[in-house]
Structure formats: C-alpha cells, structure tokens
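Novice:
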Amino acid sequence: MRRTAHPLLVLAWALALAAMPAAATSPRVVSLNPSLTAILLALDARETLVGIDSFSHRQHPELADLADVGGLFDPGLETIVALRPDVVVLVPSEEQRPLRERLEALGVRVVAFENIRFADVLANIEGLGRLVGRAAAARARVAAIVAERERVERAAAARPRVDCVVVLQRDPLYVVGAGSFLDEMLAAAGCENRGRELGEAYPRAGLEWLVDRAPEVLLDMSPDAAGEGDVRHYWQRWPTLPAVRRERVLFVAPQLVTMPGPYLDEALRRLDRALRSAAASPDGGESR
Amino acid sequence: MRVLTPLRLVRVLAVLVAMLALAVVFGLATGPSGLSLEEVRRALGGAGDGAAADIVLRIRLPRVLLASLVGASLASSGVVFQSLLRNPLADPYVLGVSGGAALGAVAVLSLGAAAGLGASALPGAAFAGSAVTTAALYGLARSGGRVSPTSVLLTGVVFNAFASAAIVFLASLAGLADGARIFLWLIGNLSAPAFDSAWIVALFLGCGLAVALALARSLDLLTLGDESAEQLGVDSERVKRWLLLATSLMVGAAVSVAGLIGFVGLIIPHLLRLVIGADHRLLVPSAALTGAAFLVVCDTIARTLLGGRELPVGAITALVGGPLFLWLLRRQQTGVAV
Amino acid sequence: MVVAPPADGRGSVSVATPALCFREVGVSLGHREVLRGVSFAVRPGEVVGLLGPNGAGKTTLLRAALRAVPLAAGEIALFGSSVHELSRRELARRVAVVPQRLHVPFPFSVLELVLMGRAPHQRSLGLASSEDIARARSALERLGIAELADRDADRLSGGERQLVLLARALAQQARVLLLDEATAFLDLRHRVEVLRVVRALAAEGVAALIVSHDIDLAARVCDRIVLLEAGRLAAQGPPVEVLDAAVLGRVFGVVAEVVPGPDGAPLIVPALRERC
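Residue numbers (the working numbering), protein chains in the order written: chain A, 186 to 473; chain B, 61 to 398; chain C, -5 to 270.
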C-alpha cells in the first residue's frame, strides 16, 4: 500500500498518517465483541477487520483467516498490539477493563460501545459506520430498523397486549427483565413483560415466581431450546401455567434476537410473528 | 456431667429433629408468591388449587428436601475433616475438596458431551474429583506422621487455586453459552427440579453417614493422634481410609447436585462443639441435622429476600457464616473454649 | 515411700511368665540400626526403669512393644504371647501408655478423655456404661483429681494433664503400664504423685516400664534399672548395682559421686563445679 521511496518521505508520510484521526478510509480494526463484529460485517466493512475475539470466530467461521485475539478471560494483549490496529472496539465490561486500560496505556485507540438499550445499539451501528467510513450504509441500516419497529408497534397496537415471560436460560432460570434492548423490543411487539418487576436487565428468577405470575405467553429462547416441539414438551412440566394450558409456549431462535447487533429489524419481525400467532391461538377460556 | 449416655443422645437429637422440622415448615411456608399458611396446608394435603400445589409440592418441597440433604452432607463431612485433620478450621470448601468435586463435574459439563457422558455422570464425576482431592490432601499435608494445621490449610488453598484455574480453563473452552452456564452452576443452586438428583444425594449421604457413625468412637480417639488411637486399639489407617471414602461420597454428591456452597461444613461443627461438646457419636448426627436446618433456612432466604429474584444460596451461607466464623475465631484466640 | 526391690533381676528372664519380655530385640530405622540384641523382662508387680542418654533407643523400644515400629530381629512377648499375634484391641487391653504430652484439639471434658481409656473394652459404638463411668471416676479419685471431671481437657495445666492421662491408663485396666518420659514437664509435687501411684499399682500386680531422664527419681522408685547405650543393653539390675560412678561416667559421660540414700537406693551427686 505504501510506495517505497526516499526514507524521509516515507517518514513524513507515516507521521502524517499517524496524526490523522483513525477514521480514515480503511482503518485497521480489532473487534473484541461478537455484536460489534456482526455490525461491521453488516456494514460491509469486513476488510477493515484485522483481528477478532474468539467468540466472534465461533460465530463467523468465514472469518477464520483473521487473527484470534482471545476471549473474555484470555485476551491476547500482545496479539492485539502486534496487529498495529488503528482502533480497538469493545463493549464496556469488568472483565475487559484491565485489557482496555493496558491498551490505552500503550497508546492504542480504544472505542467503547455500550449495548444495553435499543438506542445504544442504533448508536453503535452509526458510530461504527462513521469509524470505518460506512456512514451511509449505517444510516440506511438504522433507518430500516426504526421503520420496522414502527411497523411492529402499529401492528401490536391493533391487538391486546399479552402477559409474557421470556426465558433466557432454563436452569437456573434467567429471564428478560427491565431496561434492555430485548425488553424494549418485547414492548414494541405488544408484550407485557412480567420480568420487568424484577428490576435487573437479565435477572435470575425463581421458579416459584414464574408459576405465581402465571404468564399467558412463555417465550423460550434458552440455549437448550431446540425448536417448537422441544419447547412445548419441556414446559409441559408446569401445566398450571396459562401459557402451557393454552399452548402459547413460543420458540424463537435466540441467536439473532438476543444479539444487540445489526439485524434488530429481523429480530422484531420474528418476535412480532411469534406473538401474533400467540394472540391468534384459541383461548383456553379460564383466566387466572 | 458431660458424658454421652443413651438418654443424652436421644434428648439432643430430639431437639435437633424438632429444629429441622421447624426449618422445613419455614421453607414450605415461605416464598415470593405470598401464599398463606392455609393455602400451603391445603396444598400439602393435596387439595390446593393448581398453582399453589405446583408451588408448594413441586417447587418448594423438592428444594427443602435437597437443601436438607446437601446441608447434612456438608456439615457432617466438615466434622469428619476437622477431626481427621485435627484442625478446627478444616472444611470441604476451604480445603479445596469441594473445588475438586466441582472440577470433576465441570469436566463432564464441558467435555462430557464429546465423550458421550450426560448429566447422569455428574455425581460420579464429582465423587471422583472429591476422592482424588481428599486423598491427595491427606497425603500431602502429612509429613513425618504429623499433620500440621498450617500445612493443611496451605495445601487446601493451593488445591482451590488449582481447581479454580482448571475450571476457568474448561469453561473458556466451552464457549459462551456453556461457559456462562458452568459459572452459574458453580455459584450454588438448589433449584434442580428433578427428584432423581435427590435420590443420589440421599444414597451417598446415607452411606457416608453410616460409615461416619459406625466409626464415630474411633474418630474421638483419632483426634488425639494416630499413635494415641492405636494405643487404644484403633486401626488408624483402616479407619482413616473409610472415613475419607465417606466424606468424598458426601461432598461429591452435594457438589454434583448443588454446586459450590461454602461455610456450612465450617460453621456447623464449631457451633455444635460449643454447645454439645466434641463427642463424635453425638456430633456427627447432630451436624447432619443442624446442617440440614441451616441450609434450608439459608435457601429459603435466598429465594425470598428479593421478591421474584433468586440469590445464590452460597452468598447467603457466606453472609451468615462469614461473620459467625470470624466471631468464633476471635473467641478461640482470646482463650475462650471453642 | 518405701522401695522394696525384689532380690534378683539381672540377667535372663525368670521362670514365672513375665508380663513384658524383650528377647534379642533389634530395630532399624531406615539404614540405621537403632536397637540391637536387647533382652530383658518386666515381671508383674515390678517397676523397671529404662534409662540411657539421648538417642539410646529408649522410646523406640517402647514403640516397638506397641507395634508402632517394626522389629528387625527378636521378639516381644506379652504374658507369653508375641505382640504381633495379638489384635490391636487385645494389645490395648493389656498395655496402657502414658505419653509425655498429648495435644487435645477439641473440647473434650476430662471425664470423656478418661473414658477413652475404656475403648478397648467397649463394643463399637461404645456408649459409656455405668461400670465404665464408675471406673473412670474412681481413677480420677485415686489420683486426687476428681474435681477436674467436667473441665475441658484442653485447658489444664501440664501437671493436671499428665495426671488425667494416668487416670486414662488406669481406666484401661491394663496389666502393663508404659510411661514414656511421662513426668518430664511436671513439677516435683506432680512427679511424686505420678510415681507414687505407679508404685501402688505395682503393689497390685501391674508391671510398669518407665522411660525417664530423671535418674534420681528412677533410682528411688524402680525395682530394677535397664540401661541402654547406643541401642544396646549396657547393664541391668537393682539401682544400687547398676547406678555406680563408673557406669555414670562411661554411659552418660558424667562425673558423679554415688552415695547410699536414706531409703537404701543410691543418690547421685554430679560434680557441677569446674575442676580446678
């Protein structure tokens, strides 16, 4: 990429490049989080990636040729620095805080992207877009998501809201709580998320709470869930739940929906479809 | 006069059984869904409405049962460890034996799928882990025939560090979802809904307790030293082997089903010695009963304190047990009998 | 206290079955030969003192009798049966040990500790019968420490603890008593108390073997002295015969004068001042 010429000229050029903001045409990016990797891929910025974390690798086998900079507990500081990235992108977390501090101390530019709320994710798409010179694509993606959300909200307004609980893990029981992008998407799709009352974003709930709250709809997005049939079969063990009695136990493939990534419009579509089918199913008759 | 007579044995155990019964009632009657005592009673009698019956019989009851079994296992192994190692600070958690059991279980959780091992292999794997760790601990902590308290605790610290590192390693190999699940399992969880896990724990606990009770007199004698015990007719090596087997069984079963729950094996024996003395024929069954009651209460708090949210039971036992333990330590240091 | 030593004790084993008999005993620890060719016997009713400098093998000999160390050669017999033919419980019913020290890490009461001495006679769960408790109490009374019965055993003075251990040995009802430097850390009063009781037990037919560093007291209380030097028997016989200046000089490397004491047994007076 650089023409070899007089050493001084090269030096001048290198200095100039270093002085420019890293949002150049094709910056070298290291991604430490699969959701950010997903966004970059969606923005067609694969060429900017020089290194990704282990989980991103697992999710994207097609990126096998990229350097592996380790996972949450075993980050490869040396590997990252050796790649001479222009910017390292990550999601703020306690586990990666020491790594972040070390990188910044070594003069590596680190940009953090919080991804808890729906608006955060949209901001991330736009932020990453600007970072890698794909601002236009980013704006388009965000617009598509926003449009889909509005469509879903309108559709949901036309039917009654349903009491629901969304399971993220079966044992121990973890559900979607309050304040996450997932919670917001559920609200947009017409869900009265009972998990909200537990306060936290992804709280550990008690089985007793679940049976007591008796949601009308149960959405199982746990890693063990293997499809519609499996999910219905599993939750048969709690036949007192209205969701089970009225066959409103739903399954949505978690990978796309639980990722705070670039395809939230598709996530919203799937949630909407699932909840619409729940609203349409025959009413069992008794209410709790 | 503090000598163990059959009458004293029966009296103390009767009191402790009553205490356990109270704890069980507390556990069955308490929970975040605010069922009234009347509703609980009806559910127990089989007449309750659907949700109440589910909550009382299928959620609370199995948990209370499991907590009793796990608490009994941890407390009685604590007694045996402390006596075998002649060290009041020994307990399966501190000594890394629980860690070893957890490592065995995590190995199955993370690598087992590849080897065709499912969840049913967990108790066996945990038992193997605890047995290996116990044997190694005892072997390493002895030198020149004497087991010094310091070397025991140090060895335990090292074992814990090793087990933790190995578990983190295995968990990171396992991928995001499985790795997270492993960590969640590790922090202690009594909500396993299946009843068959209770059978395994009950079986292992029963065998372990039977051995410990049969050898309780020898345990008394062993606390004075191997040679001292032999001079009174005890076959030290044989007794120690059986007791180590018993504790491995009990700890392995408890950890495989409930993850890591600390302090039970440490606090209960201490408290009991303060109150009823050091005679193991009374101490072992008392520890089982008291440990059961303690864990039932802690677990009930863990699942009720924050409304619908559940705290890990290990956090409650640590919150209650930690300060209690420091208080006991202080008493010991200032010369008051422990 | 009157010492009444029997007339002869030197040389080989006497005709009546001795309580404890060592015959050509040899013990090696690692590659080191610690004991060699040790032969002597303790008869019922006899108090034998096992003396010798540090490292002579006294404690090892005791431990060999308890099967705590293996024999490389020879035999140890208890009332005619080899100790290796007896089970641990049978051995414990016949031989009781009072060690130098005992660490009690848990709050057993004195009575509970003494009751542990009954263990070789009890069945496996061993709940104390009224007979057991009576024996334990009378042992404490005999030693004048009945009032300590309910005290925590880990909070006794050294002297009290040794008396408790002796009481435990009494409760064991063994016919052979081994004292392994049992009076080492005791004050004079407690030392005298322990040895007085040992003598009284001997009068009842118990055979006692006392390992001690206190030659003076051994001279007072023992019927016979067995002197070990570097793992071998250097001498054995009544104190007046064994403990003379020549022996003390040769075996202990001590210059001393030996004079007859008021009770008939020798008094040892070591030369402490510098020779001028």
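We put the beta carbon where it would ideally sit given N, CA and C, even for glycine.
It should be emphasised that the depicted structure is a prediction, and the values quoted were computed from it without experimental measurement.
Helix, strand or coil for Y419(A), going by three-state DSSP, please let me know.
Specialist: Numbered from 1 along the first sequence, position 234 holds the residue referred to as residue 419(A). Correct three-state label for Y419(A): helix.
Novice: Tell me where the alpha helix (DSSP H) around R17(C) begins and ends.
Specialist: On the third sequence, residue 17(C) is found 23 positions in, with the first residue counted as 1. That residue, R17(C), is in no alpha helix (DSSP H); its beta strand (DSSP E) goes 14 to 23.
Novice: Who pairs with A229(C) in a beta bridge, going by DSSP?
Specialist: If you number the third sequence from 1, residue 229(C) lands on position 235. Residue pairing by DSSP places A229(C) opposite L221(C) in a beta bridge.
Novice: V271(B) CB to nearest chain C CB: under 9 angstroms?
Specialist: The sequence position of residue 271(B) within the second sequence is 211, counting from 1. Answer no: the Cβ-Cβ gap between V271(B) and chain C never drops below 9 angstroms.
Novice: Cβ atoms of A373(A) and R461(A): under 9 angstroms apart, would you say?
Specialist: Position 276 of the first sequence, counted from the start, is the residue given in the question as residue 461(A). Position 188 of the first sequence, counted from the start, is the residue given in the question as residue 373(A). For R461(A) and A373(A), no; Cβs fall outside 9 angstroms.
Novice: Residues of chain A with CB under 7 angstroms from D114(B), in chain order?
Specialist: Taking the second sequence and counting its residues from 1, one reaches residue 114(B) at position 54. Correct list: V396, W423, T425.
Novice: What are the start and end residues of the beta strand (DSSP E) that includes N378(A)?
Specialist: The count along the first sequence starts at 1 and reaches residue 378(A) at position 193. 376 to 378 is the extent of the beta strand (DSSP E) around N378(A).
Novice: Below 8 angstroms on C-beta distance, what does A265(C) contact in chain B?
Specialist: The count along the third sequence starts at 1 and reaches residue 265(C) at position 271. Correct list: empty, because the minimum Cβ distance to chain B is about 38 angstroms.
Novice: Would L279(B) and V212(B) qualify as a contact pair, given that the criterion is a beta-carbon distance under 9 angstroms?
Specialist: In the second sequence, residue 279(B) corresponds to position 219, counting from 1. In the second sequence, residue 212(B) corresponds to position 152, counting from 1. Their beta carbons are not under 9 angstroms apart, which means L279(B) does not touch V212(B) by this criterion.
Novice: Write down every uninterrupted run of the alpha helix (DSSP H) in the region 103 to 181 of chain B whose length is 4 residues or greater and which is fully enclosed by it, in chain order.
Specialist: 110 to 113, 121 to 144, 157 to 175
Novice: Skipping 5 residues on each side, what residues in its chain have a beta carbon closer than 6 angstroms to that of D339(B)?
Specialist: In the second sequence, counting from the first residue as 1, residue 339(B) sits at position 279. For D339(B), where only same-chain residues beyond five positions count, the Cβ hits under 6 angstroms are L64.
Novice: Beta-carbon of G364(A) versus every beta-carbon of chain B: anything under 9 angstroms?
Specialist: The count along the first sequence starts at 1 and reaches residue 364(A) at position 179. So no, G364(A) is outside the interface.
Novice: Distance check for A289(B) and K300(B), CA to CA, integer angstroms please.
Specialist: For the purposes of this step, residue 300(B) is taken as residue 240 along the second sequence, with counting starting at 1. For the purposes of this step, residue 289(B) is taken as residue 229 along the second sequence, with counting starting at 1. One C-alpha to the other measures close to 11 angstroms.
Novice: Please tell me whether L14(C) has its Cβ less than 9 angstroms away from any Cβ of chain B.
Specialist: Taking the first residue of the third sequence as 1, we reach residue 14(C) at position 20. Output row for L14(C): interface = no.
Novice: Who are P260(C)'s beta bridge partners in DSSP?
Specialist: On the third sequence, position 266 is the one that residue 260(C) refers to. BP columns for P260(C) point to P254(C).
Novice: Please tell me whether S75(C) has its Cβ less than 9 angstroms away from any Cβ of chain B.
Specialist: For the purposes of this step, residue 75(C) is taken as residue 81 along the third sequence, with counting starting at 1. Taking Cβ atoms only, chain B never reaches closer than 9 angstroms to S75(C), which makes this a no.
Novice: Where DSSP assigns a beta bridge to I70(C), which residues make up the other side?
Specialist: Residue numbering aside, residue 70(C) sits at position 76 when the third sequence is read from its first letter. In the DSSP output, where bridge partners are listed per residue, I70(C) has F16(C).
Novice: At a CB-CB cut-off below 7 angstroms, which residues of chain C make contact with D280(B)?
Specialist: Within the second sequence, residue 280(B) is the residue found at index 220, counting from 1. Residues of chain C passing the Cβ test: M110.
Novice: Which residue's Cα is closest to the Cα of P114(C): R83(C), L55(C), Q94(C)?
Specialist: For this step, residue 114(C) is matched to residue 120 along the third sequence. Ranking the options by Cα distance to P114(C), first place goes to R83(C).
Novice: Would you say V89(C) lies against chain B (beta-carbon separation less than 9 angstroms)?
Specialist: On the third sequence, residue 89(C) is found 95 positions in, with the first residue counted as 1. For V89(C), the nearest CB of chain B lies under 9 angstroms from its own CB, placing it at the interface with that chain.
Novice: If you measure between the beta carbons of L126(B) and V261(B), is that distance less than 9 angstroms?
Specialist: Numbered from its first residue, the second sequence carries residue 126(B) at position 66. Numbered from its first residue, the second sequence carries residue 261(B) at position 201. A contact, by the Cβ cut-off of 9 angstroms.
Novice: I156(C) by DSSP, collapsed to three states: which one?
Specialist: By 1-based counting over the third sequence, the position of residue 156(C) is 162. The sequence shown places Gln at residue 156(C), rather than the Ile named in the question. In the structure shown, Q156(C) sits in a helix (DSSP, three-state: H, G or I).
Novice: To which residues does DSSP link E27(C) through a beta bridge?
Specialist: Here residue 27(C) refers to the residue found at position 33 of the third sequence. Answer by DSSP bridge pairing, in chain order: S22(C).
Novice: Alpha carbon to alpha carbon, how far is V41(C) from V192(C)? Give it in angstroms, no decimals.
Specialist: Your numbering for residue 192(C) matches position 198 in the third sequence. Your numbering for residue 41(C) matches position 47 in the third sequence. Whole-angstrom Cα-Cα distance: 8 angstroms.
Novice: Go through its chain and collect everything with a Cβ distance to T177(C)'s Cβ below 6 angstroms, but skip five positions before and after it.
Specialist: Position 183 of the third sequence, counted from the first residue, corresponds to residue 177(C). Close CB contacts of T177(C) within its chain, under the 6 angstroms cut and outside five residues either way in sequence, are with R185, V188 (chain order).
Novice: Find the residues of chain B that neighbour V98(C), judging by a C-beta separation of less than 8 angstroms, and give them in chain order.
Specialist: Your numbering for residue 98(C) matches position 104 in the third sequence. In chain order: T283, L284.
Novice: Which parts of the region 232 to 315 of chain B are runs of the beta strand (DSSP E), unbroken and 3 residues or longer, counting only runs that do not cross its ends?
Specialist: none
Novice: By the 9 angstroms beta-carbon criterion, what residues does the region 128 to 151 of chain B contribute toward chain C?
Specialist: Q142, S143, R146, N147, P148
Novice: Give me the subset of the region 83 to 101 of chain B whose CB atoms are less than 9 angstroms from a CB atom of chain A, sorted by chain position.
Specialist: G91, P92, S93, G94, L95
Novice: Could you check the C-alpha separation between A250(C) and D210(C) for me, to the nearest Å?
Specialist: For the purposes of this step, residue 250(C) is taken as residue 256 along the third sequence, with counting starting at 1. For the purposes of this step, residue 210(C) is taken as residue 216 along the third sequence, with counting starting at 1. Answer to the nearest angstrom: the Cα atoms are 12 angstroms apart.
Novice: With distances taken between CB atoms, is the gap from L60(C) to V36(C) smaller than 9 angstroms?
Specialist: What you label residue 60(C) is simply residue 66 of the third sequence in a count that begins at 1. What you label residue 36(C) is simply residue 42 of the third sequence in a count that begins at 1. No; because the gap between Cβ atoms is not below 9 angstroms, this pair is not in contact.
Novice: Note down the Cα distance separating A386(A) from A240(B), rounded to an integer number of angstroms.
Specialist: Position 201 of the first sequence, counted from the first residue, corresponds to residue 386(A). Position 180 of the second sequence, counted from the first residue, corresponds to residue 240(B). Those two C-alpha atoms are separated by around 16 angstroms.
Novice: Please confirm if G272(C) has its CB atom under 9 angstroms from at least one CB of chain B.
Specialist: Any question about residue 272(C) goes unanswered here, given that chain C covers just -5 to 270.
Novice: Any chance the region 303 to 311 of chain B sits against the region 259 to 278 of chain B, with 3 or more Cβ pairs inside 8 angstroms?
Specialist: yes
Novice: Note down, in chain order, each residue of its chain lying with its Cβ closer than 6 angstroms to the Cβ of L172(C), except the 5 sequence neighbours on either side.
Specialist: The sequence position of residue 172(C) within the third sequence is 178, counting from 1. Cβ within range, chain order: L56, V91, L203.
Novice: Under a three-way DSSP split, which group does L60(C) fall into?
Specialist: The sequence position of residue 60(C) within the third sequence is 66, counting from 1. The answer is coil: DSSP assigns L60(C) none of H, G, I, E or B.
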